[in-house]
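Heads up: the sequence shown begins at 1 in our numbering, then just goes up one per residue. Remarks on the structure that follows.
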Amino acid sequence: MRILTAKITLRASWVHSLKEKRMVVKSIVQKLKNKFNISVAEIEEQDIHQTIVIGIAGVCSSAAQADSTMENILDFVEENTDAEIVNIEKEDIGNI
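Okay, here's the thing in structure tokens:
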């Protein structure tokens, strides 16, 4: 069993209020939870309008599944939000 963790930083340059940001964050977080059955939350920069940092955690049965799931998650984020991906920090924790 493998634990998959990631931190994705997005830039939403059109967002001008925390209310707008909250709508974008809630949308992408809920879509990721529903599609991939993973834990997702906004973890940093909550008070900065145009920066979104989400943390992801999930459990996979193998390294190959972890890699495939991460690639699918990143593709899904790119396709389902207008925000630009600025940084990706991912970690695949070994066998537990």
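By construction, the Cβ of each residue, glycine as well, lies at the ideal position given by its N, Cα and C atoms.
Only residues of its own chain outside the window of five on either side were considered, and among them Leu-4, Thr-5, Ala-6, Lys-7, Ile-8, Leu-32, Ile-38, Ser-39, Val-40 and Ile-73 have a CB closer than 8 Å to the CB of Ile-56, listed in chain order. For Ile-8, the enclosing beta strand (DSSP E) stretches over residues 2–11. Residue environment: Lys-35 is assigned as exposed (fewer than 16 neighbouring CB atoms within 10 Å of its CB, all protein chains considered).
Taken in chain order, the unbroken stretches of alpha helix (DSSP H) that lie wholly in the region 18–68 and span 4 residues or more are 18–36. The beta carbon of His-16 sits closer than 7 Å to the beta carbons of His-49 from its chain, once the five residues preceding and following it are set aside; these are given in chain order.
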